[in-house]
Amino acid sequence: QLQLHESGPGLVKPSETLSLTCSVSGGSISTANYYWGWIRQPPGKGLEWIGNIYYTGSTFYNPSLKSRVTISVDTSKNHFSLRLSSVTAADTAVYYCAGYQLPYDPFDIWGQGTVVAVSS
Amino acid sequence: SVLTQPPSVSGAPGQRVTISCTGSSSNIGAGYDVHWYQQLPGTAPKLLIFANNNRPSGVPDRFSVSKSGTSASLAITGLQAEDEANYYCQSYDSRLSVYVFGPGTEVTVL
């Protein structure tokens, strides 16, 4: 059974780059036939899709964040990563990694989430 | 939000409640599937029901969905205390090229 686990700094300074990693266990990120993605949830608010990646490296980003987002995959380490540049307080959120099997399918695997605060 | 939901609904134990999810011709109305997630306080969202009334293993059949035109609805019958949570609908919007979530609906069991 596939499981996801996010890791990374819980505090990032304004204007710096947020970096998170999602480790995949219970299977290979390359052969699981999943699209891997990131979703965030600001405090007390709803969910916002950030972007996805396939194990081949093909990416698909939310246009509203595209200029600041990079999602990458490392098949040798069985994990994928998120980088969000030039962060502001508005980027403070719980960040979830998640996965779905085919385009437009539901996100049926979720990590437990990691809190990232942007503050000096 | 591209998808709209009522902020809250409530009901007594055993009652039936429904949560609407209203979109437009570029998402629900375009035929993209609507999926629903349940988020208990302090936890990650969990897939509750997807597409045409498909439930992951372990989700009771008290949860069901319907879809018509540019809207979808989640129904919870036989409401239980454990159903208190936030519920989010999700689809894809072809005009914006994004996976979109509704703002969420808080269900309270009276």
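Same order as they appear, the protein sequences are chains B and F. Terminal number for the first sequence in our numbering: 120, no gaps in between. Terminal number for the second sequence in our numbering: 1110, no gaps in between. Built from N, CA and C at the ideal position, the CB exists for glycine as well. Please read all numbers here as calculations on a predicted model, not as lab measurements.
Inter-residue spacing [alpha-carbon to alpha-carbon] between residue i and residue j
i          : j          : result
Ala90(B)   : Ile1019(F) : 29 Å
Phe1063(F) : Asp105(B)  : 19 Å
Thr1108(F) : Val1002(F) : 24 Å
Gln1015(F) : Ile1076(F) : 8 Å
Ser119(B)  : Asn1052(F) : 43 Å
Val1009(F) : Tyr95(B)   : 27 Å
Gly26(B)   : Tyr61(B)   : 26 Å
Ala32(B)   : Ala1085(F) : 30 Å
Arg1095(F) : Leu84(B)   : 24 Å
Thr114(B)  : Ser1066(F) : 33 Å
Leu121(B)  : Pro9(B)    : The requested residue 121(B) does not occur in the structure, where chain B is confined to residues 1 to 120.
Pro63(B)   : Leu47(B)   : 16 Å
Pro103(B)  : Thr70(B)   : 20 Å
Pro1103(F) : Val1017(F) : 18 Å
Phe80(B)   : Gly1078(F) : 41 Å
Ile1028(F) : Trp1036(F) : 13 Å
Gly57(B)   : Gln1080(F) : 44 Å
Leu1040(F) : Ala1030(F) : 30 Å
Tyr1099(F) : Ile39(B)   : 10 Å
Asn78(B)   : Trp49(B)   : 22 Å
Residues that residue i contacts on chain B, provided the C-beta gap is smaller than 8 Å
i          : result
Ala1044(F) : Tyr96, Trp110, Gly111, Gln112, Gly113
Gly1104(F) : Gly46, Leu47
Val1098(F) : Trp49, Asn62, Pro63, Ser64
Proximal chain F residues relative to residue i, where beta-carbon distance stays under 7 Å
i         : result
Tyr104(B) : Tyr1032, Asp1033, Tyr1092
Under 7 Å by beta carbon: chain B residues contacting residue i
i          : result
Tyr1087(F) : Going along chain B, no residue has its Cβ under 7 Å from Tyr1087(F), so there is no contact; the nearest lies around 11 Å.
Phe1050(F) : Pro106
Contact set between residue i and chain F, taken where Cβ atoms lie within less than 8 Å
i        : result
Phe80(B) : Under the 8 Å cutoff, chain F gives no residues; its nearest Cβ is about 17 Å from Phe80(B).
Chain-ordered neighbours of residue i on chain B, where CB pairs are closer than 9 Å
i          : result
Pro1007(F) : Those do not exist, as Pro1007(F) stays about 11 Å from chain B at its closest Cβ, beyond 9 Å.
Leu1047(F) : Pro106, Phe107, Asp108, Ile109, Trp110
Phe1101(F) : Ile39, Gly46, Leu47, Glu48, Trp49
Residues that residue i bridges to, as DSSP identifies them
i          : result
Tyr100(B)  : Tyr35(B)
Asp74(B)   : His79(B)
Glu48(B)   : Arg40(B)
Asn1054(F) : Phe1050(F)
Lys1067(F) : Ala1072(F)
8 Å Cβ cut-off: residues of chain D touching residue i
i          : result
Pro1056(F) : Among the protein chains in the structure shown, which are B and F, there is no chain D.
- Task: Report the residues of the stretch 1019–1032 of chain F with a CB closer than 8 Å to any CB of chain B, ordered along the chain.
- Result: Tyr1032
- Message: Short of 9 Å Cβ to Cβ, which residues in the stretch 29–51 of chain B face chain F?
- Response: Gly37, Ile39, Gln41, Lys45, Gly46, Leu47, Glu48, Trp49
- When Cβ atoms are compared, which residues of the stretch 8–29 of chain B fall closer than 7 Å to chain F? none
- Task: Using a Cβ-Cβ cut-off of less than 7 Å, list which residues of the stretch 57–73 of chain B approach chain F; keep chain order.
- Result: Asn62, Pro63
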